[in-house]
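Report on one structure; see the data block that follows.
What follows is the structure, encoded as structure tokens:
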């Protein structure tokens, strides 16, 4: 990634187009993953849904920070990701007890 950061600003437009294409593809695949929880036993469905939500959060961050990916990268706020996982864990736990 360091070599990309050292490229001239003209490369930013090409990287932006690449990010657009790849985020579109990733969004399609993640959308298809939304049906996976229906394939597991009911008590694990909430947690699996939460696990699928974490890459969706990252994808949103990449789309949001598209212009600064080369300088800073992109990731969701850790508190948001933990909150999603915690809710999934709690929902799965509540279904078992």
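Numbering (the working numbering), first residue to last: 15 to 111.
All C-beta atoms in this analysis are idealised placements derived from N, C-alpha and C, irrespective of residue type, glycine included.
Leaving out five residues on either side along the sequence, give the residues of the same chain with a beta carbon under 8 Å from the beta carbon of residue 44.
Numbered from 1 along the chain shown, position 30 holds the residue referred to as residue 44. So the list reads 66, 69, 70, 73, once near-sequence residues are dropped.
Please check the pair residue 57 and residue 106, which I expect to be a contact at CB under 8 Å, by giving their CB distance rounded to whole angstroms.
Looking up residue 57 in the chain shown gives position 43. Looking up residue 106 in the chain shown gives position 92. Their Cβ separation, rounded to whole angstroms, is 6 Å, which keeps residue 57 and residue 106 in contact under 8 Å.
Taking C-beta to C-beta, are residue 80 and residue 30 nearer than 8 Å?
Here residue 80 is taken as the residue at index 66 of the chain shown, counted from 1. Here residue 30 is taken as the residue at index 16 of the chain shown, counted from 1. Yes, the pair counts as a contact, with Cβ atoms nearer than the cut-off.
Check whether the Cβ atoms of residue 87 and residue 60 sit closer than 8 Å, and answer yes or no.
Position 73 of the chain shown, counted from the first residue, corresponds to residue 87. Position 46 of the chain shown, counted from the first residue, corresponds to residue 60. Their beta carbons are not under 8 Å apart, which means residue 87 does not touch residue 60 by this criterion.
Can you look up residue 30 in the DSSP assignment and give me helix, strand or coil?
For this step, residue 30 is matched to residue 16 along the chain shown. For residue 30, the three-state secondary structure derived from DSSP is helix.
Quick check: the Cα distance between residue 25 and residue 49, rounded to an integer number of angstroms?
Counting from 1 along the chain shown, the entry for residue 25 is found at position 11. Counting from 1 along the chain shown, the entry for residue 49 is found at position 35. Taken atom to atom, the span from the alpha-carbon of residue 25 to that of residue 49 is near 38 Å.
How many Å lie between residue 76 and residue 33 at the Cα?
As a working note, residue 76 is residue 62 in the chain shown. As a working note, residue 33 is residue 19 in the chain shown. Whole-angstrom Cα-Cα distance: 8 Å.
Just verifying my parser: in three-state terms, what is the DSSP assignment at residue 134?
Lying before the first or after the last residue shown, residue 134 is absent from the chain, which here runs from 15 to 111.
Quick one: grab the DSSP three-state call for residue 82.
To locate residue 82, count along the chain shown from 1; it is residue 68. Residue 82: helix per DSSP, three-state reduction.
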